[in-house]
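One structure is given below, encoded as structure tokens.
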Amino acid sequence: VEKLKKNMSANSTKLPLNIECFMNEIDVHSSMQRSEMEELSSHLFKRIETTMRKLLLDSKLALEEIHSVEIVGGSSRIPAIKHLIEQIFGKPASTTLNQDEAVSRGAALQCAILSPAVRVREFSCTDVQAYPVLISWTDTDGPHEMKVFEQYHAAPFCRLLTVHRKEPMTIKVHYEPNSIPYPDPFIGTYHVKGIKPDANGEAQEVKVKVRINNNGIITVSSATMYERKESEEPSSPTPTSNGDQQ
Numbered sequence: 001v002e003k004l005k006k007n008m009s010a011n012s013t014k015l016p017l018n019i020e021c022f023m024n025e026i027d028v029h030s031s032m033q034r035s036e037m038e039e040l041s042s043h044l045f046k047r048i049e050t051t052m053r054k055l056l057l058d059s060k061l062a063l064e065e066i067h068s069v070e071i072v073g074g075s076s077r078i079p080a081i082k083h084l085i086e087q088i089f090g091k092p093a094s095t096t097l098n099q100d101e102a103v104s105r106g107a108a109l110q111c112a113i114l115s116p117a118v119r120v121r122e123f124s125c126t127d128v129q130a131y132p133v134l135i136s137w138t139d140t141d142g143p144h145e146m147k148v149f150e151q152y153h154a155a156p157f158c159r160l161l162t163v164h165r166k167e168p169m170t171i172k173v174h175y176e177p178n179s180i181p182y183p184d185p186f187i188g189t190y191h192v193k194g195i196k197p198d199a200n201g202e203a204q205e206v207k208v209k210v211r212i213n214n215n216g217i218i219t220v221s222s223a224t225m226y227e228r229k230e231s232e233e234p235s236s237p238t239p240t241s242n243g244d245q246q
């Protein structure tokens, strides 16, 4: 079956299907052509089309701003997928990369970039956070929520948030509901301790650092409280009657 699928990518004519000893030593002999396969897989191609159209919409890019659409992986050789890409993006799919080895080569290149023992040409790739991220906490005046990373925000990235607190706080991090392909948006809970009011009983300034790393892992990496302390102004020396200072 795998061989038939590969052959149909290169041939539109009817091709033989042979499976030896499929069950109880019974062989299977049949045939199929590309148009039949595309009809049977139409619901899968529809899902791919929906995903690509959503990607184009979310990117907020005009078709003229897209230089090329590069495809990798064995399934990218299926003519129907190439046709969908050309239909949606208005340009044929680009195949300048090795479709079978591109991912492993990219992983090897990243290893070389991270290694201090290997020198490579300067190369950079800006990744993005696929889903919007929010944090929430509860204060004396009720619950609060803040979006820290918009959808497709550049990663890695660090954001510093300022809150005013008198007591320890609990921060919950989660994806924006209904924005992810699985039901639970929860990421993690972080407890910030050691927060106390100032000498006048007022709230202190707390800076919370939320970080997303190269792997898309989101953490509350640190929280710092800034204490306000009043310093007494040194008194100016007072001149005496004979010109000396005291």
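Residue numbering for the sequence shown follows the UniProt record's numbering, starting at 1 and increasing by one per position.
Yeah, the Cβ is synthetic: ideal placement off N, Cα and C, and Gly gets one too.
Just so it is clear, the structure is predicted and the values come from calculations on it, not from any experiment.
Alpha carbon of residue i to alpha carbon of residue j, nearest angstrom
| i | j | result |
| --- | --- | --- |
| Glu176 | His153 | 14 Å |
| Thr96 | Asn11 | 22 Å |
| Met225 | Thr219 | 18 Å |
| Arg228 | Asp198 | 7 Å |
| Leu56 | Phe89 | 8 Å |
| Leu17 | Lys6 | 12 Å |
| Lys82 | Val133 | 33 Å |
| Glu101 | Phe123 | 19 Å |
| Ile113 | Ile217 | 20 Å |
| Gly201 | Ala155 | 39 Å |
| Lys149 | Met32 | The sequence given here has Phe at residue 149, not Lys. Going from the Cα of Phe149 to the Cα of Met32 covers about 49 Å. |
| Thr138 | Thr50 | 39 Å |
| Val1 | Leu15 | 11 Å |
| Leu109 | Leu61 | 29 Å |
| Glu20 | Arg77 | 27 Å |
| Met23 | Pro185 | 45 Å |
| His164 | Val118 | 47 Å |
| Lys3 | Val28 | 15 Å |
| Asn215 | Ile187 | 14 Å |
| Met146 | Thr13 | 57 Å |
| Leu63 | Ala223 | 43 Å |
| Gly142 | Cys158 | 27 Å |
| Leu40 | Val120 | 46 Å |
| His43 | Gln87 | 17 Å |
| Asp58 | Cys111 | 31 Å |
| Ala203 | His144 | 16 Å |
| Arg105 | Asp127 | 17 Å |
| Pro116 | Lys91 | 40 Å |
Distance CB(residue i)-CB(residue j) smaller than 8 Å
| i | j | result |
| --- | --- | --- |
| Pro79 | Ser9 | yes |
| Leu160 | Lys196 | no |
| Gln129 | Ile26 | no |
| Thr162 | Glu205 | yes |
| Tyr182 | Gln151 | no |
| Ile135 | Val103 | no |
Closest Cα partner of residue i within the set the options
| i | options | result |
| --- | --- | --- |
| Ile85 | Ile187, Cys158, Arg47, Ala102 | Arg47 |
| Lys207 | Ser221, Lys172, Gln151 | Ser221 |
| Asn98 | Val173, Gly73, Thr13 | Gly73 |
| Phe45 | Ser75, Glu20, Arg119, Lys3 | Ser75 |
| Ala93 | Thr13, Met52, His43, Asp127 | Met52 |
| Cys125 | Ala107, Ser115, Lys91 | Ala107 |
| Ser179 | Lys54, His144, Arg105 | Lys54 |
Open item on the list: For the stretch 191-198 against the stretch 165-180, do three or more pairs of beta-carbon atoms, one drawn from each stretch, fall closer than 8 Å, so that the two count as touching?
Closed with: Yes, they touch.
Open item on the list: Quick test of the definition: if touching needs 3 or more C-beta pairs under 8 Å, does the stretch 65-76 touch the stretch 22-42?
Closed with: Two segments are said to touch when three or more pairs of C-beta atoms, one from each, lie closer than 8 Å; by this definition the stretch 65-76 does not touch the stretch 22-42.
Task: Secondary structure, alpha helix (DSSP H): runs of 4+ residues fully inside the stretch 87-173 - done: Segments of the alpha helix (DSSP H) lying fully in the stretch 87-173: 102-114.
TODO: Could I get the ranges of all uninterrupted beta strand (DSSP E) runs contained in the stretch 27-59, with 3 residues as the minimum, in chain order?
DONE: Counting whole runs of 3 or more residues, the stretch 27-59 contains no beta strand (DSSP E) stretch at all.
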